[in-house]
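Below is one structure, written out as structure tokens; the observations come after it.
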Amino acid sequence: MIKDIRNIVMLTGAGISAESGLATFRGPDGLWEGHRVEDVCTPEALARHAELVHRFYDERRAKLAEVHPNAAHEALAALDRAWDGDLLIVTQNVDDLHERAGARRLLHMHGELRSALCADCGKAVAWADPLPPQSVCGGCARPSLRPDIVFFGEMPYEMDRIDAALRDADLFVSIGTSGAVYPAAGFVQTARHVGARTLELNLDPSAGSFYFEESRMGPASKLVPELVRELLG
Ligand code: OAD
16 MIKDIRNIVM LTGAGISAES GLATFRGPDG LWEGHRVEDV CTPEALARHA ELVHRFYDER
76 RAKLAEVHPN AAHEALAALD RAWDGDLLIV TQNVDDLHER AGARRLLHMH GELRSALCAD
136 CGKAVAWADP LPPQSVCGGC ARPSLRPDIV FFGEMPYEMD RIDAALRDAD LFVSIGTSGA
196 VYPAAGFVQT ARHVGARTLE LNLDPSAGSF YFEESRMGPA SKLVPELVRE LLG
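Counting in the numbering used here, the sequence shown runs from 16 upward without gaps.
Structure representation (structure tokens):
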């Protein structure tokens with residue numbers, strides 16, 4: 016599976032941060048921290064209940080101060096430091112645990128909790144504090160800052176860069192994601208199409224498990240360091 020690999024794309028989801036103490040999106044009750052995803056993760060929800068949506072992401076942002084990267088984030092960061100070939104870690108997660116572990120070749124396709132986005136001029140700015148609705152953008156001076164989260168119905172970030180990396184990949188690995196949300200759920204098919212090897216690491220088989228050449232089941236904190244050891248020989 017991992018012989019003659021030079022270019023790697025790693026896709027991560029909420030499962031990689033679960034053992035750090037961050038809730039996954041699709042828990043057994045189908046709720047995300049007590050909310051339906053549609054109530055906190057759509058442009059309509061932001062337009063109708065800005066207070067609720069901003070408060071929800073303020074709570075998630077505050078929670079980041081209580082959690083730490085786990086062995087899976089650390090292993091991917093170690094791979095990033097040591098790997099000579101191309102590597103792109105594409106995360107769907109809005110937490111900052113990959114970068115706190117030291118990963119650099121990283122892209123947040125669904126946005127970041129520690130960023131605020133101007134709905135008017137599109138400027139994004141680092142943001143560590145609570146973000147009340149009507150906060151003023153430093154770029155255009157309009158009261159239009161919102162959480163920098165890609166809501167359902169909005170275009171994920173950097174799709175061209177992701178697509179280019181997938182087309183050059185020899186190995187695509189999907190870690191701790193349910194495979195329920197497109198376009199990320201379709202990356203495995205692009206990777207297969209270009210002849211890359213495909214590997215899934217998850218606690219349980221995901222919705223798209225059958226697309227992968229190989230699936231390894233278990234906690235990310237065990238499986239990811241094992242895979243990185245294999246890759247680094
Ligand atoms: P989900 O909550 O849908 O899926 C989490 C996955 O992690 C499941 O497949 C679990 O089996 C797996 N898992 C849980 N604990 C694990 C562990 N310790 N080790 C390995 N795997 C584990 O989260 P995502 O797939 O990331 O979008 O969700 C995708 C997107 O849906 C999110 O980015 C978010 C959400 O709506 C936006 O916010 C736009």
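Built from N, CA and C at the ideal position, the CB exists for glycine as well.
Minimum C-alpha distance to residue i - residue among the options
i    : options                : result
D110 : A206, A80, R161, E169  : A80
R119 : V105, R129, A131, G126 : V105
T27  : D19, R96, L122, G117   : L122
Q149 : R70, K78, P171, D178   : R70
P145 : P220, T192, V68, L37   : V68
G117 : E127, D95, L132        : D95
D175 : F202, F225, C136, G36  : F202
A222 : A195, A211, E53, P240  : A195
F225 : S193, P234, G233       : S193
A42  : A134, G191, D99        : The displayed chain sequence assigns Gly, not Ala, to residue 42. Checking every option, the nearest Cα to that of G42 belongs to G191.
V243 : A90, A134, L102        : A90
V52  : G168, K18, A93, A200   : G168
K78  : A38, L103, G49         : A38
W98  : M25, A179, V209        : M25
L218 : P234, A134, E228       : P234
G49  : A62, A200, P58, E74    : E74
S189 : E245, L103, G153       : L103
Residues bridged to residue i (per DSSP)
i    : result
E229 : L214
P162 : A131
L102 : I23
L186 : I23, R212
Neighbourhood of residue i by C-beta, 8 Å cutoff - its chain only, sequence neighbours within 5 removed
i    : result
S236 : E34, N85, A86, A87
P220 : S230, M232
D19  : D185
6 Å CB neighbourhood of residue i in its chain, flanking five on each side removed
i    : result
W47  : F40
A206 : L181, A184, F187, T213
R231 : L216, L238
R76  : L128
A139 : S130, L132, D163
P158 : Q149, V151
I177 : V105
G36  : V82
P240 : A86, A90
A134 : S159, R161
D257 : Outside the displayed range of the chain (16 to 248) lies residue 257, so it cannot be described from this structure.
D54  : A60
Burial state of residue i, where buried means 16 or more other Cβ atoms lie within 10 Å
i    : result
Q204 : exposed
L247 : exposed
C136 : exposed
A60  : buried
G30  : buried
C155 : exposed
A92  : buried
A200 : buried
Own chain partners of residue i with C-beta closer than 7 Å, once the 5 adjacent residues on each side are dropped
i    : result
P171 : M124, H125, V165, P198
R115 : P84
S32  : N108, D110, L112
A211 : A184, D185, L186, F187
A143 : R129
A141 : R129, S130
At which residue ranges does the stretch 114-154 contain complete beta strand (DSSP E) runs of 3 or more residues, listed in the order of the chain?
-> Taking only runs of at least 3 residues, the beta strand (DSSP E) segments lying wholly in the stretch 114-154 are 121-123, 126-133, 139-141.
Sequence ranges, alpha helix (DSSP H) only - wholly within the stretch 49-75, length at least 4 | For the stretch 49-75, whole alpha helix (DSSP H) runs of length 4 or above, ordered along the chain, are 52-55, 58-63.
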